[in-house]
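Student: Here it is, the structure, as structure tokens.
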Amino acid sequence: MARKANSPNADISSKSPSNVTETGTERFRVGGFESLSFCDWPGEIVATVFAQGCPWDCPYCHNPHLLPAIGSNELDWTDLLGFLETRRGLLDGVVFSGGEPTLQRGLGAAIANIRTMGYRIGLHSGGPYPQRLAAILPLVDWVGFDIKAAFTDYDRITRVPGSGLKARKSLELVLESGVDYELRTTIDPSLLDDKAVAMIGAELAAYGIVSHKLQKYRPIGIRAA
Ligand code: SF4
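Residue numbering for the sequence shown follows the working numbering, beginning at 1090 and increasing consecutively.
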């Protein structure tokens, strides 16, 4: 799960622009922006772009305003690039978080925009779109991959049938890619008990994975039950 997105940055306007750029590619929809973060990519000083839209519906989601594919207060992509221009040499990289960044077909072009400024790229994903993730992995330097539950148990968390199969495939792609990664799971005790957490550990161990971060659920900004 991505952490809670901050309110819009004062340096970046919310123009709700058209979804098509001047070059005809799909514009990346930004629902939030953090100009300085020390926690979104371990060991790196970054800015974080919160992608608009997520196909899943986790009960503990901190960013429910990012779930619709089109947000009510999106930030202007051109302004955001302008802001990042002013931070060249001051930040190590830019993280695409969400929401779910791979939901958007404009993600590759958005990453390319930022790469040309010399930034390294981090990606937060839960892996709902394995094919799109496969196309994006060569463009990123690090992936923070959310493991929601044991793969057979995913739908209970995401509330979307078949999500575990997609997440499993995406995890395999990350492992095969050779891209640096971190796996993490949000522990909401009302959804994941000790047995459910042990099931996750057993599945990851079958892939030879020994490092898996458990993060405490924080009931901040979630929707009312
Ligand atoms: S994957 Fe779940 S927690 Fe993350 S943005 Fe989507 S609904 Fe929210």
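Using N, Cα and C, we set each Cβ at its ideal position, and we do this for glycine too.
Three-state secondary structure (DSSP) at residue 1302?
Tutor: For the purposes of this step, residue 1302 is taken as residue 213 along the sequence shown, with counting starting at 1. In the structure shown, residue 1302 sits in a strand (DSSP, three-state: E or B).
Student: Rounding to the nearest angstrom, what Cα-Cα distance links residue 1226 and residue 1123 in this structure?
Tutor: Along the sequence shown, read from residue 1 onward, the residue named residue 1226 stands at position 137. Along the sequence shown, read from residue 1 onward, the residue named residue 1123 stands at position 34. Our two residues, residue 1226 and residue 1123, have alpha carbons roughly 23 Å apart in a direct line.
Student: Can you look up residue 1203 in the DSSP assignment and give me helix, strand or coil?
Tutor: Mapped onto the sequence shown, residue 1203 falls at position 114. Helix, per DSSP.
Student: Rank 1280, 1240, 1159 and 1260 by C-alpha distance to the C-alpha of residue 1192 and give the top, closest one.
Tutor: In the sequence shown, the residue the question calls residue 1192 occupies position 103. Nearest of 1280, 1240, 1159 and 1260 to residue 1192, Cα basis: 1159.
Student: Using only the heavy atoms of the ligand SF4, determine whether one of them is closer than 6 Å to the beta carbon of residue 1188.
Tutor: The count along the sequence shown starts at 1 and reaches residue 1188 at position 99. Yes, the Cβ of residue 1188 comes within 6 Å of a heavy atom of the ligand SF4.
Student: The ligand SF4 and residue 1215: does any heavy atom of the ligand fall closer than 6 Å to the residue's C-beta?
Tutor: Position 126 of the sequence shown, counted from the start, is the residue given in the question as residue 1215. Indeed, a heavy atom of the ligand SF4 lies less than 6 Å from the Cβ.
Student: Taking the alpha-carbon positions, what's the residue 1258 to residue 1252 distance?
Tutor: Within the sequence shown, residue 1258 is the residue found at index 169, counting from 1. Within the sequence shown, residue 1252 is the residue found at index 163, counting from 1. Computed Cα separation, rounded: 10 Å.
Student: Put residue 1166 into one of helix, strand or coil per three-state DSSP.
Tutor: For this step, residue 1166 is matched to residue 77 along the sequence shown. The answer is helix: DSSP assigns residue 1166 an H, G or I state.
Student: Please look up how many angstroms separate the CB atoms of residue 1187 and residue 1222, rounded, as I've assumed it's under 8 Å.
Tutor: In the sequence shown, the residue the question calls residue 1187 occupies position 98. In the sequence shown, the residue the question calls residue 1222 occupies position 133. Going by Cβ atoms, the distance from residue 1187 to residue 1222 rounds to 13 Å, so no, they are not a contact pair.
Student: The ligand SF4 heavy atoms versus the CB of residue 1128: any closer than 6 Å?
Tutor: Here residue 1128 is taken as the residue at index 39 of the sequence shown, counted from 1. No, the beta carbon of residue 1128 sits no closer than 6 Å to any heavy atom of the ligand SF4.
Student: Report the three-state DSSP secondary structure of residue 1275 (helix, strand or coil).
Tutor: Residue 1275 sits at position 186 when you count from the first residue of the sequence shown. Of the three classes helix, strand and coil, the one that applies to residue 1275 here is strand, per DSSP.
Student: Please list, in chain order, all residues of the same chain as residue 1203 whose beta carbon is under 6 Å from its beta carbon, the five residues on each side excluded.
Tutor: Within the sequence shown, numbered from 1, the residue matching residue 1203 stands at position 114. Counting only Cβ-Cβ distances below 6 Å, and skipping sequence neighbours, we find 1183.
Student: Roughly how many whole angstroms lie between the Cα atoms of residue 1171 and residue 1214?
Tutor: Against the sequence shown, residue 1171 aligns to sequence position 82. Against the sequence shown, residue 1214 aligns to sequence position 125. Using only the alpha carbons, I get a separation of about 25 Å.
Student: Just confirm the distance between the C-beta atoms of residue 1302 and residue 1272, as a whole number of angstroms; I'd bet it's less than 8 Å.
Tutor: Along the sequence shown, read from residue 1 onward, the residue named residue 1302 stands at position 213. Along the sequence shown, read from residue 1 onward, the residue named residue 1272 stands at position 183. Sure, about 7 Å apart at Cβ, within 8 Å.
Student: Any chance the CB of residue 1145 is under 6 Å from a heavy atom of the ligand SF4?
Tutor: Numbered from its first residue, the sequence shown carries residue 1145 at position 56. Yes; taking the cut-off as 6 Å, the Cβ of residue 1145 has a heavy atom of the ligand SF4 nearer than that.
Student: Pick helix, strand or coil for residue 1253, following the three-state DSSP scheme.
Tutor: Working through the sequence shown from its first residue, we reach residue 1253 at position 164. Reduced to three states, the DSSP call for residue 1253 is helix.
Student: Checking 7 Å against the spacing of the C-beta atoms, do residue 1232 and residue 1254 come in under that value?
Tutor: As a working mapping, residue 1232 is identified with position 143 in the sequence shown. As a working mapping, residue 1254 is identified with position 165 in the sequence shown. No, these two residues do not count as a Cβ contact at 7 Å.
Student: Given a cut-off of 7 Å on the beta-carbon distance, is the pair residue 1277 and residue 1306 in contact?
Tutor: Residue numbering aside, residue 1277 sits at position 188 when the sequence shown is read from its first letter. Residue numbering aside, residue 1306 sits at position 217 when the sequence shown is read from its first letter. Yes, Cβ-Cβ distance for residue 1277 and residue 1306 is below 7 Å.
Student: Could you have a look at residue 1123 and say whether DSSP puts it in helix, strand or coil?
Tutor: Translated into positions along the sequence shown, residue 1123 becomes position 34. Strand at residue 1123.
Student: Please go through the segment 1172-1204 and give each complete beta strand (DSSP E) segment of 3 or more residues, from N-terminal end onward.
Tutor: Counting only runs of 3 or more, we get 1182-1186.
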